[in-house]
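Reviewing the structure listed below.
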Amino acid sequence: MQKNPGRLRLLRERPRDDEAIEEMTAAAFGPDRFHKTVYRLREEVAPIKELCFVCIDQKGRLVASIRNWPILINERWPAIMLGPLAIAPELRGLGYGKALMWYSMAQSRMLGHSRIILVGDPEYYNQFGFRRDLALNIQLPGWVEERRFLALELVAGSMIGVHGMIGKAKAKKRSVRKKKR
Numbered sequence: 002m003q004k005n006p007g008r009l010r011l012l013r014e015r016p017r018d019d020e021a022i023e024e025m026t027a028a029a030f031g032p033d034r035f036h037k038t039v040y041r042l043r044e045e046v047a048p049i050k051e052l053c054f055v056c057i058d059q060k061g062r063l064v065a066s067i068r069n070w071p072i073l074i075n076e077r078w079p080a081i082m083l084g085p086l087a088i089a090p091e092l093r094g095l096g097y098g099k100a101l102m103w104y105s106m107a108q109s110r111m112l113g114h115s116r117i118i119l120v121g122d123p124e125y126y127n128q129f130g131f132r133r134d135l136a137l138n139i140q141l142p143g144w145v146e147e148r149r150f151l152a153l154e155l156v157a158g159s160m161i162g163v164h165g166m167i168g169k170a171k172a173k174k175r176s177v178r179k180k181k182r
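In our numbering, the protein residues as written are 2 to 182.
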């Protein structure tokens with residue numbers, strides 16, 4: 002029987018959370034995670050700060066985290082790459098991950114994003130609306146177990162016509178305006 006997780010606080014990730022997040026992620030995904038295709042898409046790319054959250058329990062401990070990353074599909078369609086979602090191993094199954102998922106998806110929608118891509122267990126992510134059929138026309142630049150490659154439309158129809166290779170989002174260039182004298 003699982004115990005009640007009690008009151009949770011969801012906060013935007015803070016710089017001081019990095020070490021705890023890394024420890025939790027290492028415990029959840031192991032050292033081989035850095036060789037996975039999705040990790041290569043994250044290299045030298047900053048996560049979307051407004052869409053990285055942590056879950057704090059009643060004792061003030063960081064017990065779960067979620068991060069989201071900018072990607073481009075076929076160098077044309079912006080999307081979010083969700084992950085990792087990490088929960089302290091001893092607290093899995095208590096609702097921390099679900100709380101972070103629903104909150105992150107709502108915030109993504111509010112910020113105007115239209116699609117989210119992830120690689121994860123469909124048995125878990127289907128409950129949030131992620132589907133394999135929405136990702137059939139897109140590819141990752143490396144191997145991934147196909148059944149785990151999923152997409153979600155935050156805006157109905159936003160995956161229609163979207164096709165091609167997923168790549169890193171390019172950094173936006175600052176526009177410098179010259180002053181008129």
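The beta carbon of each residue, even a glycine, is placed where N, CA and C say it ideally should be.
- For the stretch 43-82, the continuous beta strand (DSSP E) assignments of 3+ residues that do not extend past its boundaries occur at 54-57, 63-74, in sequence order.
- If you draw a straight line from the Cα of Glu-24 to the Cα of Asp-134, it comes to about 33 Å.
- Residues Ser-66 of the same chain have their beta carbon placed closer than 6 Å to that of Ile-22, with the five preceding and five following residues left out of the count.
- When C-beta atoms of the stretch 111-128 are compared with those of the stretch 54-63, fewer than three pairs fall below 8 Å, so the two segments do not count as touching.
- Under the DSSP assignment, Glu-24 falls in the alpha helix (DSSP H) whose first and last residues are 19-30.
- The alpha-carbon of Val-46 is positioned some 31 Å away from that of Leu-95.
- It is roughly 23 Å from the alpha-carbon of Ser-159 to the alpha-carbon of Lys-50.
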